[in-house]
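Residue numbers (the numbering used here): 12 to 187.
The beta-carbon is built from N, C-alpha and C at its ideal position, and this holds for glycine as well.
All values derive from a computational prediction rather than experimental measurement.
Some notes on the structure that comes next.
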């Protein structure tokens, strides 16, 4: 079947628009996902730093008081865990009293060497930081699940997909 010139131009135009829309949609989603992850790691880093600072520098705050503060924090992260290790790799604080984040000696050494390590443990995002005061160096590991950010990203994905197909449909319809 031979297409007339108008149909052929409509088809070519639709291919071009499809490619441009796909590329644009991919770029929007990619940068939104990158921003979500970066922003969430920043929040985790603040949580880790503040927890370490309270436990190590503020003499009035002990282990039990810090646990109460952690439990009653207004902007707590979902499934949040914070662990602090001293220079002998002894755990001196754990916000949940369990070893829910697997921590090996090699991970602690890597954090001491690089001072900032970020990775994923299942669906959780984990950050490991080196916290140093005048006399000691501590490794702080914080982990949480970004339910809110992932939900927003999922909504964006569906908006992009629906918008993509509606735009292609309109391009074909208007091009006729």
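- 8 Å or more divides the Cβ of residue 117 from the Cβ of residue 135.
- Boundaries of the alpha helix (DSSP H) harbouring residue 120: 116-125, taken from the DSSP string.
- Less than 8 Å divides the Cβ of residue 92 from the Cβ of residue 107.
- Residue range 158-186 is occupied by the alpha helix (DSSP H) that includes residue 162.
- Cβ-Cβ separation between residue 179 and residue 25: approximately 7 Å, consistent with a contact (criterion under 8 Å).
- Between the alpha carbons of residue 49 and residue 64 lies a gap of roughly 22 Å.
- From the listed residues 172, 66, 95, the smallest Cα separation to residue 37 is found for 172.
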